[in-house]
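Accompanying notes for the structure given below.
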Amino acid sequence: MLFAATDNLKYWYYQQCKKVIMLIELVVPISMAIVWEME
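Note that the sequence shown covers residues 0 to 38 in numbering that gives the first Met the number 0.
Written out as structure tokens, the structure is:
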């Protein structure tokens with residue numbers, strides 16, 4: 000039971016990390032482009 004719970008937590012944490020990474024990969028190029036436009 001305890002192992003299943005930790006596995007679920009790990010999986011959930013992994014999914015959250017993937018979402019965050021995808022978001023960063025989306026936001027960084029856009030913000031870089033804005034910075035280049037300002038200069």
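We put the CB at the ideal spot given by N, CA and C, even for glycine.
Rounded to a whole number of angstroms, what is the C-alpha to C-alpha distance between residue 6 and residue 37?
46 Å
Rounded to the nearest angstrom, what separates residue 22 and residue 9 at their Cα positions?
Approximately 20 Å between the Cα atoms of the pair.
Could you tell me the distance, in whole angstroms, from the CA atom of residue 31 to the CA atom of residue 3?
Distance between the alpha carbons of residue 31 and residue 3: 42 Å.
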